[in-house]
Amino acid sequence: MRAATLKGWLWVHKWSSLVSMLFMLMLCLTGLPLIFSDEIRAWQSPPPTVEAVAPGTIAPALETLAHQALSVRPTGHILVSMTFREHQPQTVRIVTSSTGVLPSPGMYIQAFDQRNGKLLPRAEAPTGFKWVMPFMRVMRQLHVDMYAGLPGMLFLGCMGLLVFVAVVSGVVVYAPFMHKLDFGTVRTDRAPRLRWLDLHNLLGIVTVVWVSVVALTGVINTLAPLITSHWKATDMEQVIRPYRQMPPVENRIAVEKALTAARAVAPDMHLFNFIFPGTALSSPHHYAAMYEGNTPLTKRVMSFSLVDASTGEVVVFVRMPWYMKTLFVSQPLHFGDYGGLPLKIIWTLLTLMTIAVLGSGIYLWLKKPSGGKAKIRPLKKAKESIT
Numbered sequence: 001m002r003a004a005t006l007k008g009w010l011w012v013h014k015w016s017s018l019v020s021m022l023f024m025l026m027l028c029l030t031g032l033p034l035i036f037s038d039e040i041r042a043w044q045s046p047p048p049t050v051e052a053v054a055p056g057t058i059a060p061a062l063e064t065l066a067h068q069a070l071s072v073r074p075t076g077h078i079l080v081s082m083t084f085r086e087h088q089p090q091t092v093r094i095v096t097s098s099t100g101v102l103p104s105p106g107m108y109i110q111a112f113d114q115r116n117g118k119l120l121p122r123a124e125a126p127t128g129f130k131w132v133m134p135f136m137r138v139m140r141q142l143h144v145d146m147y148a149g150l151p152g153m154l155f156l157g158c159m160g161l162l163v164f165v166a167v168v169s170g171v172v173v174y175a176p177f178m179h180k181l182d183f184g185t186v187r188t189d190r191a192p193r194l195r196w197l198d199l200h201n202l203l204g205i206v207t208v209v210w211v212s213v214v215a216l217t218g219v220i221n222t223l224a225p226l227i228t229s230h231w232k233a234t235d236m237e238q239v240i241r242p243y244r245q246m247p248p249v250e251n252r253i254a255v256e257k258a259l260t261a262a263r264a265v266a267p268d269m270h271l272f273n274f275i276f277p278g279t280a281l282s283s284p285h286h287y288a289a290m291y292e293g294n295t296p297l298t299k300r301v302m303s304f305s306l307v308d309a310s311t312g313e314v315v316v317f318v319r320m321p322w323y324m325k326t327l328f329v330s331q332p333l334h335f336g337d338y339g340g341l342p343l344k345i346i347w348t349l350l351t352l353m354t355i356a357v358l359g360s361g362i363y364l365w366l367k368k369p370s371g372g373k374a375k376i377r378p379l380k381k382a383k384e385s386i387t
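Take a look at the structure:
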């Protein structure tokens with residue numbers, strides 16, 4: 001590589017790193033607790049405890065549970081949805097509200113044991129740790145948009161692109177300067193700045209693939225509001241619009257019949273949300289069903305259907321287009337939550353290594369040689385990098 005070309009790559013690496021470094025450091029620090037958000041949420045809001053059911057117990061109909069949930073709410077409240085969680089197959093959560101638009105002040109959630117119809121008590125957060133969930137909300141908001149809404153989210157997307165540029169340029173710069181050194185060499189007998197430089201190069205090259213994946217999937221995630229809004233305004237609206245003007249259903253069929261029909265059209269997916277007619281996500285004449293993938297990697301890939309509330313016929317079934325699938329498949333790759341706790345631990349270690357790369361980069365910048373620009377030695381004689 002010619003000296004002029006190398007000098008250009010050094011310039012790209014220096015400035016792409018300097019501009020994005022502090023933001024990347026913030027994202028790493030706020031992302032650390034978010035890696036374990038599922039475990040923290042389960043600790044703070046444990047699932048309802050279900051008891052053993054006596055043999056021969058007859059399970060009540062879901063329609064009966066729906067009426068039971070509505071009967072304890074104020075007059076004028078309506079049934080909104082039923083939620084089924086894959087890891088809690090015995091439990092159904094029934095949402096009621098004063099309006100069909102959620103979230104609303106009157107929204108209320110009751111959990112029932114489907115096997116015996118028992119109302120399950122709400123679990124309490126561990127005493128002395130009431131600050132944990134507010135802290136997690138702050139971390140998530142900083143990580144997502146820095147409390148700046150869509151502009152903040154798009155700004156962080158630009159920083160993600162700069163991080164990727166810094167990684168690519170760093171690899172280009174790393175290669176010619178390290179070809180005479182064994183991989184993993186840290187010259188501890190040299191000046192402190194050179195030791196930090198070797199450590200920076202080593203950790204950087206070890207984490208290069210992971211940082212690239214996390215940065216690029218993070219960029220995709222910053223486009224989520226725009227992509228989702230486009231999908232709702234085009235594909236979803238075209239599907240639902242013809243049914244919005246239909247009259248409200250007079251004799252709604254039982255939930256079980258509609259639910260069975262909805263599950264039959266997507267046996268390869270998990271139906272997690274079943275929405276009653278007359279809400280913002282359904283129509284006056286239809287139930288709406290929402291499905292998710294049944295593997296860790298496709299869990300966020302959703303589909304949607306409308307079920308005629310008077311006949312039980314599925315009139316519409318919509319799968320996500322490719323751009324929505326790309327968005328939602330990128331999220332597990334970004335958060336590392338598709339491989340259970342072992343993968344989350346690996347994600348944590350890689351995040352800590354990336355923090356070390358960023359910290360050493362800041363140190364190298366602060367300790368850069370003073371007085372004029374550093375000169376690039378001929379590559380044949382180069383034994384150490386410059387920044």
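Following the UniProt record's numbering, the numbering of the sequence shown begins with 1 at its first residue and continues without gaps. Even for Gly, the Cβ is constructed at its ideal location relative to N, Cα and C. A quick note: this is a predicted structure, and the numbers were derived from the prediction, not measured.
Self-check item: Candidates Ser169, Gly128, Leu150, Thr96, of which the one nearest Met65 by Cα
Solution: On the sequence shown, position 65 is the one that residue 65 refers to. First, the residue type needs correcting, since residue 65 is Leu and not Met in the sequence shown. Answer by Cα proximity: Thr96.
Quiz item: Residues in its own chain within less than 7 Å of Ser37 by CB, not counting five upstream and five downstream?
Solution: Start at 1 with the first residue of the sequence shown, and residue 37 comes out as number 37. The beta carbon of Ser37 lies closer than 7 Å to those of Met136 in the same chain, with the five residues before and after it left out.
Quiz item: Is the beta carbon of Ala356 sitting closer than 8 Å to the one on Leu203?
Solution: Your numbering for residue 356 matches position 356 in the sequence shown. Your numbering for residue 203 matches position 203 in the sequence shown. Their beta carbons are under 8 Å apart, which means Ala356 touches Leu203 by this criterion.
Quiz item: If you scan the region 100-167 from start to end, which runs of the alpha helix (DSSP H) of 4 or more residues do you find wholly inside it?
Solution: Whole alpha helix (DSSP H) segments, 4+ residues: 132-144.
Exercise. Report the option in Trp43, Leu79, Leu366 whose CA atom is closest to the CA atom of Gly278.
Key: On the sequence shown, position 278 is the one that residue 278 refers to. Out of Trp43, Leu79, Leu366, the CA that lies nearest to the CA of Gly278 is found in Leu79.
Quiz item: Is it right to say Ser229 is buried, meaning 16 or more other beta carbons lie within 10 angstroms of its own, or is it exposed?
Solution: In the sequence shown, counting from the first residue as 1, residue 229 sits at position 229. It is exposed - the Cβ of Ser229 has fewer than 16 other Cβ atoms within 10 Å.
Quiz prompt | Contact under 8 Å by Cβ, Gly149 with Val219 | solution = Numbered from 1 along the sequence shown, position 149 holds the residue referred to as residue 149. Numbered from 1 along the sequence shown, position 219 holds the residue referred to as residue 219. Taking a C-beta distance under 8 Å as the contact criterion, Gly149 and Val219 do not qualify as a contact pair.
Practice problem: Can you give me the Cβ contacts of Gly8 inside the same chain, cut-off strictly under 8 Å, excluding the 5 residues immediately before and after it? | Solution: Here the question's residue 8 lines up with position 8 in the sequence shown. No residues qualify anywhere along the chain.
Self-check item: Among Ala3, Leu10, Ile35, the one whose alpha carbon lies nearest that of His334
Solution: Taking the sequence shown and counting its residues from 1, the one referred to as residue 334 is at position 334. From the listed residues Ala3, Leu10, Ile35, the smallest Cα separation to His334 is found for Ile35.
Quiz item: By Cβ distance, which residues of its chain are closer than 7 Å to Met324, with the 5 residues on each side in sequence left out?
Solution: Numbered from its first residue, the sequence shown carries residue 324 at position 324. Ile227, Trp231.
Self-check item: Beta carbon of Leu297 nearer than 8 Å to that of Tyr363
Solution: Taking the first residue of the sequence shown as 1, we reach residue 297 at position 297. Taking the first residue of the sequence shown as 1, we reach residue 363 at position 363. With respect to Tyr363, Leu297 sits apart: the two C-beta atoms are not nearer than 8 Å.
Quiz prompt | Uninterrupted beta strand (DSSP E) stretches inside the region 302-346 (no shorter than 3 residues) | solution = For the region 302-346, the full-length beta strand (DSSP E) segments reaching 3 residues or more read 302-308, 314-319 along the chain.
Quiz item: Between the region 260-277 and the region 232-241, do three or more beta carbon pairs fall short of 8 Å?
Solution: Taking a cut-off of 8 Å for Cβ pairs, the region 260-277 and the region 232-241 do not touch, as fewer than three such pairs fall below it.
Quiz item: Hey, how far is the Cα of Trp60 from the Cα of Val101?
Solution: Mapped onto the sequence shown, residue 60 falls at position 60. Mapped onto the sequence shown, residue 101 falls at position 101. Trp is not the amino acid found at residue 60; the sequence shown has Pro there. C-alpha of Pro60 to C-alpha of Val101: approximately 28 Å in a straight line.
Quiz item: Name the DSSP beta bridge partners of Val92, please?
Solution: Residue 92 sits at position 92 when you count from the first residue of the sequence shown. For Val92, which the question treats as bridged, DSSP gives the partners Phe112.
Quiz item: Residues in its own chain within less than 8 Å of Gln331 by CB, not counting five upstream and five downstream?
Solution: Translated into positions along the sequence shown, residue 331 becomes position 331. Answer for Gln331: Thr217, Asn221, Arg300, listed in chain order.
Quiz item: If you draw a straight line from the C-alpha of Thr30 to the C-alpha of Thr348, how long is it?
Solution: Your numbering for residue 30 matches position 30 in the sequence shown. Your numbering for residue 348 matches position 348 in the sequence shown. Near 12 Å, if we compare the C-alpha coordinates of Thr348 and Thr30.
Practice problem: Starting from Phe274, follow its DSSP beta bridges and name the residues at the other end. | Solution: On the sequence shown, residue 274 is found 274 positions in, with the first residue counted as 1. In DSSP, Phe274 forms a bridge with Met82, Ala289.
Quiz item: Does DSSP put Met246 in a helix, in a strand, or in coil?
Solution: Position 246 of the sequence shown, counted from the start, is the residue given in the question as residue 246. Coil at Met246, not helix or strand.
Exercise. Below 8 Å on the Cβ atoms is my guess for Pro247 versus His285; work out the distance and round it to an integer in Å.
Key: Stepping through the sequence shown from its first residue, residue 247 is reached at position 247. Stepping through the sequence shown from its first residue, residue 285 is reached at position 285. The Cβ separation is near 7 Å, so the contact holds.
Exercise. With DSSP collapsed to three states, give me the class of Ser283.
Key: Taking the first residue of the sequence shown as 1, we reach residue 283 at position 283. Note: Ser283 maps to strand in three-state DSSP.
Quiz prompt | Outcome for Gln245 when other beta-carbon atoms lying within 10 angstroms are tallied against a minimum of 16 | solution = As a first step, residue 245 is located in the sequence shown; it is residue number 245 there, counting from the start. Taking all protein chains shown into account, Gln245 has fewer than 16 neighbouring C-beta atoms within 10 Å of its C-beta and is therefore exposed.
Exercise. Would you mind sorting Leu327 into buried or exposed? The rule is 16 or more other CB atoms within 10 Å of its CB.
Key: For this step, residue 327 is matched to residue 327 along the sequence shown. When all chains shown are included, Leu327 counts as buried.
Quiz item: Around the C-beta of Phe304, are 16 or more other C-beta atoms found within 10 angstroms, so that it is buried, or is it exposed?
Solution: Taking the first residue of the sequence shown as 1, we reach residue 304 at position 304. Buried is the call here.
Quiz item: If we count the other Cβ atoms within 10 Å of its Cβ and call it buried at 16 or more, is Phe129 buried or exposed?
Solution: The sequence position of residue 129 within the sequence shown is 129, counting from 1. When all chains shown are included, Phe129 counts as exposed.
Practice problem: Determine the burial state of Val314: buried for a count of at least 16 other Cβ atoms within 10 Å of its Cβ, exposed for fewer. | Solution: What you label residue 314 is simply residue 314 of the sequence shown in a count that begins at 1. Flag for Val314 reads buried.
Quiz item: Where do the ends of the alpha helix (DSSP H) carrying Val19 lie?
Solution: Taking the sequence shown and counting its residues from 1, one reaches residue 19 at position 19. Element bounds for Val19: 3-35.
Quiz prompt | 8 Å Cβ cutoff met for residue 394 and Gln90 | solution = Residue 394 is absent from the model: the chain starts at 1 and stops at 387.
Practice problem: Look at the alpha carbon of Ala166 and the alpha carbon of Leu6, and state the distance between them as a whole number of angstroms. | Solution: As a working note, residue 166 is residue 166 in the sequence shown. As a working note, residue 6 is residue 6 in the sequence shown. Each residue's alpha carbon lies about 14 Å from the other.
Exercise. Just the C-alpha distance for Met107 and Val12, rounded to the nearest angstrom, thanks.
Key: Start at 1 with the first residue of the sequence shown, and residue 107 comes out as number 107. Start at 1 with the first residue of the sequence shown, and residue 12 comes out as number 12. Answer to the nearest angstrom: the Cα atoms are 52 Å apart.
Quiz item: Does the Cβ of Tyr291 have 16 or more other Cβ atoms within 10 Å, making it buried, or fewer, making it exposed?
Solution: As a first step, residue 291 is located in the sequence shown; it is residue number 291 there, counting from the start. Looking at its Cβ environment, which holds 16 or more other Cβ atoms inside 10 Å, Tyr291 is buried.
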